[in-house]
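Just so you know, we're using the working numbering here: the sequence shown kicks off at 47 and counts up by one.
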Amino acid sequence: MLRMVLRIGHRRYTNEERDLFLLLETHIKDIRDKNKSQWNRIALTSKAVKAYSGTDLELDAILEFGARLDVNSFNLVTPLHDRIGLYLDPGAAFINHSCDYNSVVGFDGDELFVKAIRTIQKDEQIFISYIDSTNPCDIRQAELRERYFFDCRCPKCEPGEDPADLLPDPSTIETAERNPIDITVTENSDPSKTVSQVESAMQTLRQTYSWPLTRQPLITLRDELITALLSTGKFNSAFIQAAIRHTRVDPIVYPLDAHPLRNIHAWTLAKQAIHLSQEMDPDPVGTISLYKYDMNFSLIIWSILNDLVNRESQSCTVPSFKKIVRSAYDEVNQEFLVNGLDPNHMREEIKKEWEKMDRLVSLALDKN
């Protein structure tokens, strides 16, 4: 916000850019009346910007800048969807929300991409999701009201339309949803403790509530578990969890092959398989042994990367991600060719490796 105020003072924005920004909603009255912590943060930041910048702008104007930035900014992420900051594009900020979205936003350096995730019909409006649309309807609505001050009335929010809401005993579900989600990985947390806590929460959900793999908070908990397992060097276990996500979760949660998270998760699994193919770690006591499955990781890796490359033109990932995948695929494919093998003619062998993977995933799920 300080940079914005300074740039305005030095007339670094065109009149068109400035006017477009000023057209954005502030929701300043809603923030002040309904979200005290958000209002206090904006007010404190605005006072600091006023003091440090030496600007002639009135404090009220800076408060409105802060509110616009808070309500209309995007989470800036890397091509692999690691969050690194905020991004404001006034034009893109006018795109409306739907939990049943038809487009997604991605970032590649300082470039913002809006890509259609499915066919958009003539005269159909472009929609993106402002929040995690894998959450149940009540949580989505609460998040939208708290930050954006509106109720969503998209098809997915119509009663009975969201499969994530079709479980018995709503009060029990709500309690279970809200408790485990509080133990996600936080900065400076101990990954070993996180692994233990998340595994315990996941086991409780699965055993006590017969929780589906594809319902929150299990989706997020598994993502956090994979991250924590990698942080603690438990690569075998991380690979198994990533395989569960790739084969049993993502096809249901993200049914469209073009979805960026589905592609990024596939890449993550391939990267873990590359690590294990080079140096498989000894299986700790009490874990599922990867050795006994005698998996040909090279074929698994080639299969995943080949699929990503073949879907490249339809994928909603950003250009630099596609370059990373393409480079890895070319390297893996060349290794096969140098050794006189062509995986394109090894479909039966690849099928057998995925059958091994399916047995591994089934065993892991049965143990939990």
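For each residue, glycine too, the CB sits at the ideal point set by N, CA and C. Since we're looking at a predicted model, the values are computed, not measured.
Through-space distance from residue j to residue i, alpha-carbon basis
| i | j | result |
| --- | --- | --- |
| residue 120 | residue 395 | 44 Å |
| residue 256 | residue 292 | 21 Å |
| residue 310 | residue 106 | 42 Å |
| residue 81 | residue 192 | 7 Å |
| residue 132 | residue 118 | 10 Å |
| residue 234 | residue 271 | Only weak support is given to the placement of residue 234: the predicted model assigns it a pLDDT of 48, under 50, and the value that follows is read from those uncertain coordinates. Their backbone Cα atoms lie some 16 Å apart in a straight line. |
| residue 200 | residue 58 | 39 Å |
| residue 13 | residue 79 | What is shown of the chain runs 47 to 414, which leaves residue 13 out entirely. |
| residue 63 | residue 134 | 12 Å |
| residue 410 | residue 61 | 59 Å |
| residue 167 | residue 244 | 42 Å |
| residue 196 | residue 71 | 12 Å |
| residue 393 | residue 307 | 26 Å |
| residue 377 | residue 150 | 30 Å |
| residue 187 | residue 262 | 15 Å |
| residue 163 | residue 260 | 20 Å |
| residue 86 | residue 156 | 30 Å |
| residue 203 | residue 183 | 6 Å |
| residue 68 | residue 53 | 15 Å |
| residue 348 | residue 302 | 21 Å |
| residue 237 | residue 322 | 21 Å |
| residue 364 | residue 128 | 13 Å |
| residue 19 | residue 294 | The question about residue 19 has no answer, for the chain in this structure spans 47 to 414. |
Beta-carbon separation (whole angstroms), residue i vs residue j, contact threshold 8 Å
| i | j | result |
| --- | --- | --- |
| residue 286 | residue 334 | 6 Å |
| residue 88 | residue 55 | That belief does not hold up - the Cβ atoms of residue 88 and residue 55 are roughly 20 Å apart, past 8 Å. |
| residue 108 | residue 96 | 6 Å |
| residue 414 | residue 252 | 6 Å |
| residue 299 | residue 180 | 6 Å |
| residue 74 | residue 110 | 6 Å |
| residue 136 | residue 66 | 4 Å |
Beta-carbon proximity of residue i to residue j, cut-off 8 Å
| i | j | result |
| --- | --- | --- |
| residue 194 | residue 173 | no |
| residue 337 | residue 406 | no |
| residue 362 | residue 304 | yes |
| residue 122 | residue 153 | yes |
| residue 383 | residue 350 | no |
| residue 341 | residue 402 | yes |
| residue 91 | residue 47 | yes |
| residue 138 | residue 160 | yes |
| residue 247 | residue 275 | no |
| residue 324 | residue 288 | no |
Assigned exposure category for residue i - 16 Cβ within 10 Å defines buried
| i | result |
| --- | --- |
| residue 391 | exposed |
| residue 142 | exposed |
| residue 228 | For residue 228, the predicted structure reports a pLDDT of 48, less than 50, and the residue's modelled location is therefore unreliable. A value from the coordinates is still provided. The residue in question, residue 228, is exposed, as its Cβ has fewer than 16 Cβ neighbours within 10 Å. |
| residue 346 | buried |
| residue 226 | The predicted model places residue 226 with a pLDDT of 48, which falls under 50 and marks its position as unreliable; any figure quoted below should be read in that light. With 16 or more Cβ atoms within 10 Å of its Cβ, residue 226 is classed as buried. |
| residue 296 | buried |
| residue 242 | exposed |
| residue 399 | buried |
| residue 205 | exposed |
| residue 283 | buried |
| residue 273 | buried |
| residue 343 | buried |
| residue 359 | exposed |
| residue 176 | buried |
| residue 435 | A question about residue 435 goes unanswered here, because the residues of the chain that appear run from 47 up to 414. |
| residue 98 | exposed |
| residue 130 | exposed |
| residue 404 | exposed |
| residue 368 | buried |
| residue 389 | buried |
| residue 116 | buried |
Near the ligand SAM: residue i beta-carbon under 7 Å from a heavy atom
| i | result |
| --- | --- |
| residue 347 | This structure lacks the ligand SAM; in fact it carries no ligand of any kind. |
Write down every uninterrupted run of the alpha helix (DSSP H) in the segment 294-373 whose length is 4 residues or greater and which is fully enclosed by it, in chain order. 296-299, 306-324 and 343-356
Whole runs of the alpha helix (DSSP H) within the segment 91-135, excluding any shorter than 4 residues: 105-118
Of all the alpha helix (DSSP H) runs that stay within the bounds of the segment 258-293, which reach a length of 4 or more residues? With a minimum length of 4 residues, the continuous alpha helix (DSSP H) runs that stay inside the segment 258-293 are 264-277 and 281-290.
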